[in-house]
Each structure stands twice: as structure tokens, then as C-alpha cells.
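Going letter by letter, the sequence shown gives residues 148 to 264 in the numbering used here. Glycine included, every Cβ here is placed at the ideal spot set by N, Cα and C.
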Amino acid sequence: MIVQSEDSVDALFHALADRTRRDILRRVMAGEHSVSALASNYDMSFAAVQKHVAVLDRAGLITKRRNGREQLARGEVAAVRSVASLLEELEQIWRGRVARIDELIAADPQPPRTDEE
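#1: With DSSP as the reference, label Asp261 as helix, strand or coil.
#2: Specify the secondary structure class of Leu233 as computed by DSSP and reduced to three states.
#3: Quick check on DSSP: helix, strand or coil for Ser181?
#4: So, is Ser192 buried or exposed, given that buried needs 16 or more other C-beta atoms within 10 angstroms?
#5: Figure out for me which residue from Arg173, Val245, His161 has the closest Cα to the Cα of Ala206.
#6: What runs of the alpha helix (DSSP H), each 4 residues or longer, lie entirely inside the region 149 to 219?
#7: I need the straight-line Cα distance from Arg145 to Leu233, nearest angstrom please.
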């Protein structure tokens, strides 16, 4: 796993905590879009969409570049992979706990009880 600071991990998950930002990320992962084109997909102001894009940019999930008067945004695969890696790490911790529970159950010396006891 890529070692990241807790602040950058917080920024990633904060950015992904909003459904509009997740939708924007899906769109820009599929291909580069102008911020104005992205804004046309949402029932909110251009400025509001621009703020969502800025949060994604600060988290490193997208990058922006200028093309004339437009700002183009594209998804950053490496950042999405780092999120997947972080979630995988948490899943492995959970799987370890489940495995330990299974081991405890298997090691229980008492036979199962029946209704007749």
C-alpha cells in the first residue's frame, strides 16, 4: 500500500463522502470534461459544481488543466487505486477478526446442546 498522511486520507474520504462529488468523479474517470459541461448535469449553480471539483482536486482525485477559457478535469487513476488499497487494508483487518472468531468456535470443547438436555 502507498503510505499516505492521515490528512491526505481524510481529504480522500471527505471528497468521496458527497454523492455529487462521487458522480463527478465517475464522469471524469470515464473521460475529460470541462467544468461547465459537468455543471450542466446538476441542478445547482456553476459555482457550486466548481467547489465540488475543487474538493476533488485538493484530494488528488482529479486534475484540472486550462484549455483556452475552459477548465478541463480528468480523473486520477492512482488516487482511486490508493482509496481501493486503503479499503482493502480495512477489509483484511475485518477478515482477520472473522477468522479468529471461526477459530474460537472450532476450538470450543463443549459439544453442541440439544433440546433434550
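By the coordinates alone:
#1: Before going on, a small fix: residue 261 reads as Thr here, not Asp. The three-state secondary structure of Thr261, taken from DSSP, is coil.
#2: In the displayed model, Leu233 falls within a helix according to three-state DSSP.
#3: The three-state secondary structure of Ser181, taken from DSSP, is strand.
#4: By the C-beta density criterion, Ser192 is exposed, having fewer than 16 other C-beta atoms within 10 angstroms.
#5: The residue among Arg173, Val245, His161 with its C-alpha nearest the C-alpha of Ala206 is His161.
#6: Those alpha helix (DSSP H) runs which fall completely within the region 149 to 219 and span 4+ residues are 153 to 163, 166 to 177, 182 to 186, 193 to 205.
#7: The structure shown has nothing for residue 145, since the chain only spans 148 to 264.
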